[in-house]
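Asks: For reference, the structure I am asking about is given below.
4 protein chains.
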Amino acid sequence: MTTGLLKGKTGIIFGALDDQSIATHVARTCVAEGARIVLTNAPVAMRFGEIQKLGEELGAEVIPADATDLGDLEALVKKSVELLGGPLDFVLHSIGMSLNVRKKREYTDINHEWMLKTFDISAISFHKTMQVLYKLDAMKEWGSVLALSYIAAQRSFHDYSEMAESKALLESFARSFGYYYARKKQVRVNTISQSPTMTTAGSGVKGITEFFNYADKMSPLGNAPAAACAHYCAVMFSDYTRYVTMQNLYHDGGFSSMGMAPEILE
Amino acid sequence: MTTGLLKGKTGIIFGALDDQSIATHVARTCVAEGARIVLTNAPVAMRFGEIQKLGEELGAEVIPADATDLGDLEALVKKSVELLGGPLDFVLHSIGMSLNVRKKREYTDINHEWMLKTFDISAISFHKTMQVLYKLDAMKEWGSVLALSYIAAQRSFHDYSEMAESKALLESFARSFGYYYARKKQVRVNTISQSPTMTTAGSGVKGITEFFNYADKMSPLGNAPAAACAHYCAVMFSDYTRYVTMQNLYHDGGFSSMGMAPEILE
Amino acid sequence: MTTGLLKGKTGIIFGALDDQSIATHVARTCVAEGARIVLTNAPVAMRFGEIQKLGEELGAEVIPADATDLGDLEALVKKSVELLGGPLDFVLHSIGMSLNVRKKREYTDINHEWMLKTFDISAISFHKTMQVLYKLDAMKEWGSVLALSYIAAQRSFHDYSEMAESKALLESFARSFGYYYARKKQVRVNTISQSPTMTTAGSGVKGITEFFNYADKMSPLGNAPAAACAHYCAVMFSDYTRYVTMQNLYHDGGFSSMGMAPEILE
Amino acid sequence: MTTGLLKGKTGIIFGALDDQSIATHVARTCVAEGARIVLTNAPVAMRFGEIQKLGEELGAEVIPADATDLGDLEALVKKSVELLGGPLDFVLHSIGMSLNVRKKREYTDINHEWMLKTFDISAISFHKTMQVLYKLDAMKEWGSVLALSYIAAQRSFHDYSEMAESKALLESFARSFGYYYARKKQVRVNTISQSPTMTTAGSGVKGITEFFNYADKMSPLGNAPAAACAHYCAVMFSDYTRYVTMQNLYHDGGFSSMGMAPEILE
């Protein structure tokens, strides 16, 4: 399905790593819908080469940038505006990584230096990106900024650890910055709270398969796949959703509104 | 803007009364986006003749139905399926009327018989509609059912009176029925919580202008206009939002996420 | 444990049926904490005689009243004010009954006449009670009105059926009426969203045992027992919580904040 | 009003600075209700001497501790357990400070190093405190841990800046850690979302007086005073609220449930 929803629009996609990444799905969908994009990821992610291939496939420049580094972000935004011929219509932030999860520290035995680093990578990078876009006046009027979140921001999921706090931060940044960006340029800022997704990043989380199957059963429509998430992102980047801002939007097959599914008991 | 988002889709639109109605905007947008529709409203609303004109403009049949009457709803749905050539892709419920507000009864001096009637018209009609669609198996797989709500379902707005409870009911019906319809046919059920809108129905609410201006100032993007709401509805009817269900979606220029806007204090 | 938390206070307790009723626990706790109370229930509930015994045990008058009948409510309130020596400090609404659940109608095959009756009994009775109290000016300043709710007001629980909507209504009434009562007399209005409880009323709900055990495992502290709920009600009636109003308060061992408990998967 | 609600209980109160501090009110109330406590604050806060006077007044030891320092926290907890004769019943975290607000940096021109420091002081200190209590097994069964929050965690308040994110973090820590502490020892963890309060800390926030007056008008009961907050904290530390955990509790005179107050328009 394509309708040219994003015809003539331009944007930056953060976080495409490989074919499983939600950001990869979003990038492909945006281009299929008529947009021109720039891809970016941390320099270390470049090593695997898949993002370069994606860039070639989509006719998109790939610009490495450490999303925790204001200098890198500035260079990225300036270069993107130049390449894409002017201010941007959309930006996707799809970045998340937890040092304490990676290093298997229990939530009650956290290394707080690592926690700060996790917040910087997974959430503060979103504020930094918006601050750079805002200062460089790099978004078009009625542009759309999105970040990917998870319902652990609202409810406790044992093994999600400090990523719960990262997502709570991320969603708060969307509300707070959304106010300023709406007043300045009618730019919308939202988060999409996506079903658990079997990505390379996600697969590092302990018990992700149990998460995944439980959520799939609990969700009346089943877990939302990455391809469907890409369609939802496209819609949020389009002119059809101009008055939606400062929201956290559940794209989860109904999970967030379930109390108990009889399917779980069986 | 049109992209053919609803090409080949069919649906029923409840509640178009005149040019100010949100439902009228939705009807026009759906047809512009490629859908074929049936229009319906209460028999009494036919008298004014504007819905007939709208039907002619859009090439849409107009079928009167009292949305509180199961018999009327059954006839409407059967006829619509017949006219549109099979099960439906979407349904919009845009119905609301408060007897106590109309008759200027204070919220602390409610006539409870009228309250029951208000609930029947404004909210239970939504359950009835879904029950009829469900029993007649009149929706296509992955179809989409929407109702229009208001943030008074969550927060107190003095003059909104028993309509607050009507909207709370409406949103609860969306969650409850959404579970069943997802399991049966992957049909999605959602509500859109729209900014205050200057419709003929809305203008009956005491203090609506103050509401409207206050909400406009409080919302970083300003109040969402009816035309923008129609675009959002189209998106929710489309295949781009298949995994969104049992949600209440704020389409309000950011109002719902505001605590205090400095613009209010000035 | 008693501390005389409600010393000198007076109130009405609706809904004590037998020893399992939450209202019975609340009545005993209030009296133990120093309050004098009036007990009330529907005339039909009197037949079983347990409420009379409770009245004798607690030195409390028992006044039958149909909570859907404004005349009965007026008589009840007037008599209570007279018996208790003046305006009241607190009122507990613990009433809920679903005709469609009782008669085993599926949620997708609801009898809507019964639904209206269910709403009248389970939710509108709360508005009626407050309206009568308000008009008769029967509450003391900083008084406290409470109703018992359930998380089905926010999330879908398959077998809870139209009680979900009843609780959504109930909580909306608390917010809406709470505004007026705060402005008039600093009276607080709140709902407590209690864990599933094995009461005589609750046991009529299909699958209540599965509900109960699931919720117990999902709740980090386990399901909150009725006796604990009574303590929480006492606190909400006391002067320690004067600035809490228009809130829905979860008393559920943490259930409402859980996304997934590993205990469920085992 | 005192009832001996906390007779025999012991706890630590963080954050008493001077007579305006909410923590000072909580300390006085806890002692009046029968508790024995330890007071703590950052070493720099000791200079002003008021906390020493408060300690003398209440017969409470004052132990300086930097709440961002695990070593300080360990020493504090160990000493407190020793002084108070065993594991604790309650802990209050009332700490908040924003470097960017202090240094008048706009939210769209944040210094992100300062932001990290703000989070460490205002929110991560809460996780650190719980982690130390947990590892040292320093809480009694059914103990209660509380932190003070603000509704900026949910809604945008222009001048609150990065404190919005700090409070979002704080509330997320309560949910996440609450799960573990409930499972281990039935310890409850909650946050109280208090009305804006004219404290020495609060008065550093730009536009606090406008905040305060606006919130006061918007709240049907008016802003909740610090003394009332202390009573609410006492109740949350008591055995009357044992099954409330992982909650954010609004103590705000109804502010959080208001959409529009007619008083604002006048």
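Protein chains in written order, with my numbering: chain A, 1 to 266; chain B, 1001 to 1266; chain C, 2001 to 2266; chain D, 3001 to 3266.
Where a beta carbon is used, it is the ideal one built from N, C-alpha and C, also for glycine.
Since we're looking at a predicted model, the values are computed, not measured.
#1: From F1177/B to V1132/B, what does the alpha carbon distance come to, in whole angstroms?
#2: Do M97/A and I129/A come within 9 Å of each other at the CB atom, strictly closer than that value?
#3: Please report how far the alpha carbon of M2218/C lies from the alpha carbon of E56/A, in whole angstroms.
#4: Start and end of the alpha helix (DSSP H) containing G2071/C?
#5: So which residues of chain A does F2211/C contact, with C-beta pairs closer than 7 Å?
#6: What does P2064/C pair with, by DSSP beta-bridge criteria?
#7: Do you know whose CA, among K1167/B, E1162/B and V1145/B, lies nearest Y1179/B's CA?
#8: Would you mind working out which of T2108/C, K2078/C, R2155/C and L2084/C sits nearest Y1181/B, comparing C-alpha positions?
#9: 9 Å is my cut-off, CB to CB: does L1092/B come that close to chain C?
#10: For the region 133-160 of chain A, enumerate the residues whose C-beta is nearer than 7 Å to any C-beta of chain C, in chain order.
#11: On the DSSP letters alone, give me the boundaries of the beta strand (DSSP E) that V2145/C sits inside.
#12: Alpha carbon to alpha carbon, what distance is there between I3095/D and I3124/D?
#13: Let me know the secondary structure DSSP gives M2001/C once reduced to three states.
#14: Kindly indicate which residue of E3113/D, A3023/D and D3019/D has the alpha-carbon position closest to the one of Y3232/D.
#15: Below 9 Å on C-beta distance, what does L116/A contact in chain D?
#16: Given 8 Å as the limit, tell me if M3258/D has its C-beta closer than that to any heavy atom belonging to the ligand NAP.
#17: What's the gap between the Cα of D3137/D and the Cα of M115/A?
#18: Taking only the alpha-carbon atoms, compute the straight-line gap between A1075/B and S1172/B and give it to the nearest angstrom.
#19: If you follow the beta strand (DSSP E) that V91/A is part of, which residue opens it and which one closes it?
#20: Just to make sure I have the definition right: I need the residues of chain C whose C-beta is within less than 8 Å of the C-beta of F1173/B. Which are they?
#21: Name the DSSP bridge partner or partners of Q2194/C?
#22: M3115/D lies in the alpha helix (DSSP H); which residues open and close that run?
#23: What's the call for T3199/D, buried or exposed, on a 16-neighbour Cβ count within 10 Å?
#24: Could you check the C-alpha separation between I121/A and A1164/B for me, to the nearest Å?
#25: How about G271/A: is its C-beta nearer than 9 Å to some C-beta of chain B?
#26: Sorted by chain position, which residues of the same chain lie with C-beta nearer than 8 Å to M2046/C's C-beta, five sequence neighbours on each side aside?
#27: Assign F1157/B to one of two classes, buried (16 or more other C-beta atoms within 10 Å of its C-beta) or exposed (fewer than that).
#28: Name the chain B residues that come within less than 7 Å of G8/A, Cβ to Cβ?
#29: Mind reading off the beta-carbon distance from R183/A to P1220/B? Whole number of angstroms is fine, and I expect it under 8 Å.
#30: So, are the CB atoms of V1038/B and G1011/B less than 9 Å apart?
#31: Determine the direct distance from the alpha carbon of A2228/C to that of V2189/C, and round the result to whole angstroms.
#32: Just to confirm my understanding: we take D2066/C, look at its own chain, exclude 5 residues before and 5 after, and list those with CB closer than 6 Å. What are they?
#33: Could you please give the first and the last residue of the uninterrupted alpha helix (DSSP H) stretch that includes G2178/C?
#34: In whole angstroms, what separates the C-alpha of T68/A from that of G1259/B?
#35: Name the residue from K3007/D, P3196/D and A3035/D whose alpha carbon lies nearest to the alpha carbon of S3021/D.
#36: If the cut is a Cβ gap below 7 Å, which residues of chain D does T108/A touch?
Replies: In short:
#1: 12 Å
#2: Note on identity: in this sequence residue 129/A is Thr, with Ile being the wrong assignment. No.
#3: 48 Å
#4: L2070 to L2084
#5: M260
#6: N2041/C
#7: V1145/B
#8: T2108/C
#9: no
#10: I151, A152, R155, S156, F157 and H158
#11: M2139 to S2149
#12: 10 Å
#13: coil
#14: A3023/D
#15: L3116, F3119, D3120 and I3124
#16: This structure simply doesn't include the ligand NAP, nor any ligand for that matter.
#17: 23 Å
#18: 26 Å
#19: L88 to H93
#20: E2165
#21: H2251/C
#22: H3112 to F3119
#23: buried
#24: 42 Å
#25: What is shown of chain A runs 1 to 266, which leaves residue 271/A out entirely.
#26: Q2052, V2062 and P2064
#27: buried
#28: Chain B residues near G8/A: none, gap ~11 Å exceeds 7 Å.
#29: 6 Å
#30: yes
#31: 20 Å
#32: A2042 and D2072
#33: M2163 to K2185
#34: 29 Å
#35: P3196/D
#36: Q3131, Y3134 and Y3180
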